[in-house]
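Chemist:
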Amino acid sequence: MKLNKLGASTIACLAAAGLVLGACSNAEKDAATPSSVTVTSDGETSTKAAEEAKITLSDAYVKATEDGKDMTAIFGTIHNDSDQDVNVTGFKANIDAQKFELHEVVDGVMRQKEGGYVIPAGESLVLEPGKEHMMVMGLKQPIKAGDKVNLTIELADGTSVEVSDVPVRTIGAGQENYGNDKGDQQSTEMDHMEHMDHGDEADHADHH
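Residue numbers (the working numbering): -6 to 201.
(1) State the start and end residues of the unbroken beta strand (DSSP E) segment that holds Leu50.
(2) Let me know if Val119 comes out buried or exposed under the rule of 16 or more other beta-carbons within 10 Å of its beta-carbon.
(3) What does the Cβ neighbour count give for Gly69, buried or exposed, with the cut at 16 atoms within 10 Å?
(4) Kindly indicate which residue of Ile112, Glu147 and Thr65 has the alpha-carbon position closest to the one of Gly131.
(5) How long is the line joining the alpha carbons of Glu155 and Lys47, rounded to whole angstroms?
(6) Do the CB positions of Asp76 and Pro113 come within less than 8 Å of each other?
(7) Buried or exposed for Thr152, going by 16 or more other Cβ atoms inside 10 Å?
(8) Output needed for Lys137: all residues of its chain with C-beta closer than 7 Å, excluding positions within five of it in sequence on either side, in chain order.
(9) Grouping DSSP H, G and I as helix and E and B as strand, with all else coil, what is Thr65?
(10) Over what stretch of residues does the beta strand (DSSP E) that includes Gly109 continue unbroken?
(11) Look up Lys92 in the DSSP assignment and give the residues it is bridged to.
(12) When the Cα of Ile88 is compared with those of Glu147, Ala149, His96 and Asp63, which residue comes out closest?
(13) State the start and end residues of the unbroken beta strand (DSSP E) segment that holds Gly83.
(14) Are the beta-carbon atoms of Phe84 and Leu148 separated by less than 8 Å?
(15) State the start and end residues of the unbroken beta strand (DSSP E) segment that holds Pro160.
(16) Since Ile67 and Val111 should fall inside the 8 Å C-beta cutoff, what is the C-beta to C-beta distance between them, to a whole number of angstroms?
(17) Nearest to Ile71 by alpha carbon, out of Lys141, Glu107, Gly115 and Ile164?
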């Protein structure tokens, strides 16, 4: 009987040790996962749709705001690893701001992207200065380098993809070119006209 009890005790100890080691292994695995590219979705329906769509955002970052500026931009690469075209219609972020818009630069003129971004099956869209980018306007407070931002990418089918812990970085003025927004004053897009109210032309050119 003593041997049986000892054996049971030993097995229990080994089992407990196994649980501890397993927990440590899982913790190490989680720590090794880059949080900046973690992609999930909102709700059960969206989770299934996001997995099927296989939409991911890599190399993402948010531009730190400059003194006196109330707007910023978000860059990165949106991947569509599905077998169907995907239409990105908008985005949100855990940032206190008035507007979140998808923008493009055409012939040197920055404007809101009508209809959003259509990414063909198996292809990617690079968001970068001087081309397509996500625009945040009417900031209530500065966004500082070192901060982390959570994004929600909205799709035309009503689903969304959550991207966590996108880093905020400082970008030199020489690295940015958003086009000349003077042409936007001639645009018929009223939303983009309102965008201009956040600063004069020089300020908007500098924001990027």
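For every residue, glycine included, the Cβ atom is placed at its ideal position computed from N, Cα and C.
Modeler: Straight from the coordinates:
(1) Taken as a continuous stretch (DSSP letters only), the beta strand (DSSP E) holding Leu50 covers Ile48 to Lys56.
(2) The residue in question, Val119, is exposed, as its Cβ has fewer than 16 Cβ neighbours within 10 Å.
(3) Burial call: buried.
(4) If you compare the alpha carbons of Ile112, Glu147 and Thr65 with that of Gly131, the shortest gap goes to Thr65.
(5) The C-alpha of Glu155 lies about 12 Å from the C-alpha of Lys47.
(6) With a cutoff of 8 Å on beta-carbon distance, Asp76 and Pro113 are scored as not near each other.
(7) Looking at its Cβ environment, which holds 16 or more other Cβ atoms inside 10 Å, Thr152 is buried.
(8) Excluding residues within five positions, the ones whose Cβ falls inside 7 Å are Ala57 and Val161.
(9) It is a strand residue.
(10) Careful: Gly109 lies outside any beta strand (DSSP E) and carries neither H nor E.
(11) Looking at the DSSP assignment, Lys92 forms a beta bridge with Met130.
(12) Cα-wise, what sits closest to Ile88 is Asp63.
(13) Counting along the chain, the unbroken beta strand (DSSP E) around Gly83 starts and ends at Val79 to Ala86.
(14) Their beta carbons are not under 8 Å apart, which means Phe84 does not touch Leu148 by this criterion.
(15) Ser153 to Arg162 is the span of the beta strand (DSSP E), which, as asked, contains Pro160.
(16) 19 Å between Cβ atoms; not a contact.
(17) Relative to the Cα of Ile71, the nearest Cα in the group Lys141, Glu107, Gly115 and Ile164 belongs to Gly115.
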